[in-house]
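If you count by my numbering, then the sequence shown holds residues 34 to 250, one letter each, in order.
The structure appears right after this line, and notes come after that.
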Amino acid sequence: MHQSVITALPTFLKQYEGKVNFMYLDVKGLVTVGIGHLIDPVHQALKLEFGPKGGGGPVSTAEVTAEWQTVKARKDLINKGGEAFGAITRLVLTDNGIKKMVLDDANAIESYIKTNASAQKFYANFDKWPADAQLGFMGVAWGGIPIPQFGWHKFPEACRVEDWDTAATESKISSAIATGRNEAHKLMFLNAAAVKSNGDDITQLCWPNRQGRTVSG
Numbered sequence: 034m035h036q037s038v039i040t041a042l043p044t045f046l047k048q049y050e051g052k053v054n055f056m057y058l059d060v061k062g063l064v065t066v067g068i069g070h071l072i073d074p075v076h077q078a079l080k081l082e083f084g085p086k087g088g089g090g091p092v093s094t095a096e097v098t099a100e101w102q103t104v105k106a107r108k109d110l111i112n113k114g115g116e117a118f119g120a121i122t123r124l125v126l127t128d129n130g131i132k133k134m135v136l137d138d139a140n141a142i143e144s145y146i147k148t149n150a151s152a153q154k155f156y157a158n159f160d161k162w163p164a165d166a167q168l169g170f171m172g173v174a175w176g177g178i179p180i181p182q183f184g185w186h187k188f189p190e191a192c193r194v195e196d197w198d199t200a201a202t203e204s205k206i207s208s209a210i211a212t213g214r215n216e217a218h219k220l221m222f223l224n225a226a227a228v229k230s231n232g233d234d235i236t237q238l239c240w241p242n243r244q245g246r247t248v249s250g
């Protein structure tokens, strides 16, 4: 990813990841934080920075381990959803913890699209995309589907041929975290189309601003 995307991604996703910034159990009984970020077994949790609710911290590894064990034992809350664990937890991810979580997941997505044969068909040129297209793709990939591939609108093919106007219209996600996010994705891909049309610097992110297109003649 371009450095401008690496810098902006945690800020863009924090409002969504932070909705469940404490530990909870997913439907399989695995300890999770954020939007589906697994921290099971416990050593995965110790890679992130937690602090006490209400501010302060970070806290000790012993405190993180104790919280993890408390959450892991509460399988009775699984069917009540992640928010139910808010009443039994006292730790939340710090800002640094959220950044680390987001970037770890982004690196995993980037690694996948560069090594998986099916994904490579569509996303092989990811490194050469405008920054806005990279950020938009990451937003879509976080939207409740693992990696957009076969049968998912016309989005993958639009990315393959770098048709960012089409990507803008085909990037809509349907999930509980889509509110306001689809509009941001659309703007990012429209910005990417403008950057491509204008011959602008692909490494510089335009979002949250709108990039205009140069009109010739």
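In this text, a Cβ means the ideal position worked out from N, Cα and C, and glycines have one as well.
Source: prediction; values computed, not measured.
Below 8 Å, enough C-beta pairs join the segment 53-67 and the segment 112-129 to call them touching: three or more. In the same chain as Ala-191, and ignoring 5 residues on each side of it, the C-beta atoms closer than 7 Å to its own belong to Thr-199, Ala-200 and Glu-203, in chain order. Gln-237 is positioned such that its CB atom lies closer than 9 Å to that of Ala-164.
Excluding five sequence positions before and after Ala-227, the CB atoms of its chain that fall closer than 6 Å to its own CB belong to Gln-244 and Arg-246, given in chain order. If only uninterrupted alpha helix (DSSP H) runs of at least 4 residues are considered, those enclosed by the segment 85-125 are 94-105. Counting every other CB atom within 10 Å of its CB across the protein chains shown gives Val-97 a total of 16 or more, marking it as buried.
Between Val-38 and Lys-86, the CB-CB gap reaches or exceeds 9 Å. In this structure, the straight-line span from the alpha carbon of Thr-44 to that of Asp-109 is close to 34 Å.
If you draw a straight line from the Cα of Phe-155 to the Cα of Arg-193, it is about 4 Å long. If you draw a 10 Å sphere on the C-beta of Thr-148, you find fewer than 16 other C-beta atoms in it, and that means exposed. Here the alpha carbons of Leu-42 and Val-135 stand approximately 7 Å from one another. Rounded to the nearest whole angstrom, the CA to CA distance from Ala-157 to Asp-196 is 14 Å.
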